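Sequence positions in the sequence shown follow my numbering and run 153 to 393. Every residue, glycine too, gets a C-beta built ideally from N, C-alpha and C. Values in this document were obtained by computation on a predicted structure and should not be read as measured data.
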Amino acid sequence: MKKIFGFIGSPLKKNSNTHTLTRMMLDKLQEMDESIDYEVLTAGQVNINHCKGCWSCMKRGKCPQDKLDDMPLLKKKMMDADFIIWGSPVYTMQVTGQMKTFLDRLCSWYHLLKLAGKSGMTVSTTANSGLAEVQDYLKMMLCATGVKIVTYLGTYGTFPKTLTDPEQALKEAHKTAEVVYPYINSEKKAETDDDLEECFHIMKNKVTYGAKWLPYEHQYWQENDMLDLNSFEELLRKIQS
Ligand SMILES: Cc1cc2nc3c(=O)[nH]c(=O)nc-3n(C[C@H](O)[C@H](O)[C@H](O)COP(=O)(O)O)c2cc1C
């Protein structure tokens, strides 16, 4: 059975509406199959330092902040998972500052398509506005890591642990679990799409012409025999074979 890992950019812990909505879907999945292994952490449960802009992750494959916070733990959990969930509440029409910091710290992962072969989804909650903006942004960034996005889940909420319409949220969460389940029980696997192909071509171009400035990233593509590939589909076939 596959592993699910979710990171929610809310500064709250289990009182987070976004965490609650995510758990509604995951609890339904576990009802469908009790052997499903999942873990969800919020930004409130871990310590993530800001990116200091040193470019070391892209030049040398090492982030000096990794010695000082929980990013290595989060990275390991994502690498070990088969299905990835990224979620954030809407804060002033975008993801939270904590979520943006998490995404900044993964900068080199977008250039390496580090999570290619995995499937995933995005989750968001808001009082009123910004749901589409946050879903689109999270989707773009998760796709840039190579994850095949299979669905998204969103609802309305206000104060901590206060979803506006919990019954409707539960219904949506259960519907979403039905979409996700085939990817967890291996009935379906990650496939390519136009967005993933676009990411592949942009990043192949970037690492090819940027070899002199960002040697680690070029070396990663070379060592993983990715420079000879012509499409994301070829990369998926290589990973899945
Ligand atoms: C600082 C802050 C900014 C917010 N900005 C917006 C906003 O721009 N639009 C909106 O409709 N709701 C906004 N909200 C409401 C949250 O999106 C909503 O309460 C959400 O469910 C909180 O999720 P959480 O409990 O997972 O942190 C904001 C809340 C806070 C605390």
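Report back the beta-carbon spacing between I237 and V192 to the nearest angstrom; my notes put them in contact at under 8 Å. On the sequence shown, residue 237 is found 85 positions in, with the first residue counted as 1. On the sequence shown, residue 192 is found 40 positions in, with the first residue counted as 1. Between V192 and I237 the Cβ distance is about 7 Å, and since that is below 8 Å, they are a contact.
State the Cα-Cα distance for the pair M245 and D218, rounded to the nearest angstrom. For the purposes of this step, residue 245 is taken as the residue at position 93 of the sequence shown. For the purposes of this step, residue 218 is taken as the residue at position 66 of the sequence shown. Distance between the alpha carbons of M245 and D218: 29 Å.
Quick check for students: name the residue ranges of the alpha helix (DSSP H) that lie wholly in the region 272-300, counting only runs of 4 or more. 283-296
What are the start and end residues of the alpha helix (DSSP H) that includes V359? For the purposes of this step, residue 359 is identified with residue 207 of the sequence shown, where counting begins at 1. V359 -> alpha helix (DSSP H) spans D346 to Y361.
Quick one, are the C-beta atoms of F254 and I188 less than 8 Å apart? Along the sequence shown, read from residue 1 onward, the residue named residue 254 stands at position 102. Along the sequence shown, read from residue 1 onward, the residue named residue 188 stands at position 36. No.
Taking 8 Å as the cut-off, decide whether the C-beta atoms of M210 and S260 are in contact. For this step, residue 210 is matched to residue 58 along the sequence shown. For this step, residue 260 is matched to residue 108 along the sequence shown. A distance below 8 Å separates the beta carbons of M210 and S260.
Using only the alpha-carbon positions, how far apart do L387 and P312 sit? What you label residue 387 is simply residue 235 of the sequence shown in a count that begins at 1. What you label residue 312 is simply residue 160 of the sequence shown in a count that begins at 1. If I take the Cα positions, the gap works out to 42 Å.
Buried or exposed: which applies to R389, given that a residue is buried once 16 or more other Cβ atoms fall within 10 Å of its Cβ? To locate residue 389, count along the sequence shown from 1; it is residue 237. Result: exposed.
Spatial neighbours of L164 in its chain, beta-carbon cut-off 8 Å, leaving aside the 5 residues before and after: Counted from its first residue, the sequence shown places residue 164 at position 12. Same-chain partners within the cutoff: H171, T194, G196 and P312.
Is K323 closer than 8 Å to H263 when the C-beta atoms are compared? Here the question's residue 263 lines up with position 111 in the sequence shown. Here the question's residue 323 lines up with position 171 in the sequence shown. No, the Cβ-Cβ distance between H263 and K323 is not below 8 Å.
Pick out the complete beta strand (DSSP E) segments inside the region 197-270, 3 residues or longer, and give them in chain order. Complete beta strand (DSSP E) runs here, min 3: 235-241.
May I ask you to check if the CB of Y243 is nearer than 7 Å to at least one heavy atom of ligand 1? Sequence index remark: in the sequence shown, residue 243 carries index 91 (1-based). For ligand 1, at least one heavy atom lies less than 7 Å from the Cβ of Y243.
Have a look at M177, M251, L226 and Q182 and flag the residue whose alpha-carbon is nearest the alpha-carbon of S162. Residue numbering aside, residue 162 sits at position 10 when the sequence shown is read from its first letter. Of the candidates M177, M251, L226 and Q182, the one whose C-alpha sits nearest the C-alpha of S162 is M251.
Under 8 Å between the Cβ atoms of K356 and Q392? Start at 1 with the first residue of the sequence shown, and residue 356 comes out as number 204. Start at 1 with the first residue of the sequence shown, and residue 392 comes out as number 240. Contact flag unset, no.
Using a threshold of 7 Å, is the CB atom of A279 nearer than that to any non-hydrogen atom of ligand 1? Stepping through the sequence shown from its first residue, residue 279 is reached at position 127. Checking every heavy atom of ligand 1 against the Cβ of A279, one is found closer than 7 Å.
Along the beta strand (DSSP E) that carries T194, what are the first and last residues, could you check? Within the sequence shown, the letter at position 42 stands for residue 194. Counting along the chain, the beta strand (DSSP E) containing T194 begins and ends at D189 to T194.
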